[in-house]
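Student: Heads up, the final residue of the sequence shown is numbered 89 in full-length UniProt numbering, and it's a clean run with no missing numbers. We treat Cβ as the ideally placed atom computed from N, Cα and C, and that holds for glycine.
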Amino acid sequence: MQNLFETVKKAQMVVQVEAVKVQKELAATEIDGYCEGELIKVTLSGSQQPIRTEITEAAMELGPEAMKERMSDLAQSLGMPPGLNNALK
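#1: Determine contact between the stretch 8-20 and the stretch 34-51, defined as no fewer than three beta-carbon pairs at a distance below 8 angstroms.
#2: Have a look at the DSSP bridge pairing and note the partners of LEU44.
#3: Taking three-plus beta-carbon pairs below 8 angstroms as touching, is the stretch 44-55 in contact with the stretch 22-35?
#4: The alpha helix (DSSP H) with GLY63 in it runs from where to where?
#5: By alpha-carbon positions, which one of MET71, GLU30, THR56, ILE31 ends up nearest to GLY37?
Laid out in structure tokens, this is it:
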């Protein structure tokens, strides 16, 4: 009976040591994920801790066009003649 107890105890110790190793490996692992359209990149550790977030070049390219559309909508809502927004550039 003593031999069985010692075997189980050794097995528990091995599992604990291996679990710590796996946790360290996961913490050192980096996993990249993207939103739909790959506009934003998020990097997480294997233990699901956020490491960094990046705005991709594709997302940055959307900014000027979105601003142009918004300014055009604003000019139109103020009753300015169509095309005036382009003439002021």
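Tutor: A quick look at the data gives this:
#1: no
#2: ILE31, PRO50
#3: yes
#4: 57-77
#5: THR56
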